[in-house]
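In our numbering, the protein residues as written are 1 to 155. Beta carbons: idealized from backbone N, C-alpha and C, even for Gly. The model shown is predicted, which means the values in this text are computed figures rather than measured ones. For reference, the structure is listed below as structure tokens.
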Amino acid sequence: MYTFIDNNGYKVNLRFDEGPFEIEPKHVIVFVLYNGKWLCTINKKRGIEFPGGKVEHGETLQQAAIREVYEETAVHITDLKWFAYYIVHDKVPFCKAVFTGKVEKVDPFIGEHETIGMTWLSTEELMNHSNLSFFMKDDGMKKMLQEVKHHERQW
């Protein structure tokens, strides 16, 4: 387990296994690497971040991950694999599940919801982007980007 303090001052426990969970994950994040670049969404309020969001009633974590990636980026993903999870010890603690996925198809991004589209960034571009969301700047995200390099997967 990797423990750090996030940018809001909360303790976070990051694990690279599939549980057991002390808190059931109700949020998802998805890492998608395609042609050497990471799929990121452009959140209107927070800035650049990996796609993800809340699990809706009756949805599995995997269904939520696929839906959120499409809603935020218009990218269809496949071959979803478990990668990690982390617990944020906020006033009300919560857990996020992290997956990796492969690009199946990219649709044109039409309209906007929480996001204004997507962008593809190299790891260097991602780590140095001037408009990263707050959680993309913390030690946990840096640790996940290091670990995903060792994740056995054919992108």
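Residue range of the alpha helix (DSSP H) that includes residue i
i    : result
A64  : 61-73
E124 : 123-128
E147 : 139-148
Identity of the residues DSSP links to residue i by a beta bridge
i    : result
M118 : T41
T3   : N13
F21  : None, per the DSSP bridge assignment.
G101 : V32
I77  : V103
V88  : V12, F94
Boundaries of the beta strand (DSSP E) in which residue i is found, first to last residue
i   : result
L33 : 27-34
E49 : 47-49
G52 : 52-54
Beta-carbon gap between residue i and residue j smaller than 8 Å
i    : j    : result
E56  : A65  : no
Y86  : V12  : yes
K44  : T115 : yes
F83  : I23  : no
T78  : E104 : yes
A74  : F31  : no
K143 : Y2   : yes
G47  : L121 : no
F4   : G140 : yes
N7   : K137 : yes
L39  : P25  : no
CA nearest to the CA of residue i, picked from the options
i    : options              : result
L80  : D138, F99, K44, K11  : F99
V28  : F135, L145, V88, E68 : E68
H167 : I42, K26, F4, N8     : Residue coverage of the chain in this structure runs from 1 to 155, which leaves residue 167 outside it and unanswerable.
G36  : K137, R15, E124      : E124
D107 : H89, M127, G101, H76 : H76
E71  : G117, M127, F16, P20 : G117
F21  : A97, G53, K91, C40   : A97
L14  : K54, E49, V88, L33   : V88
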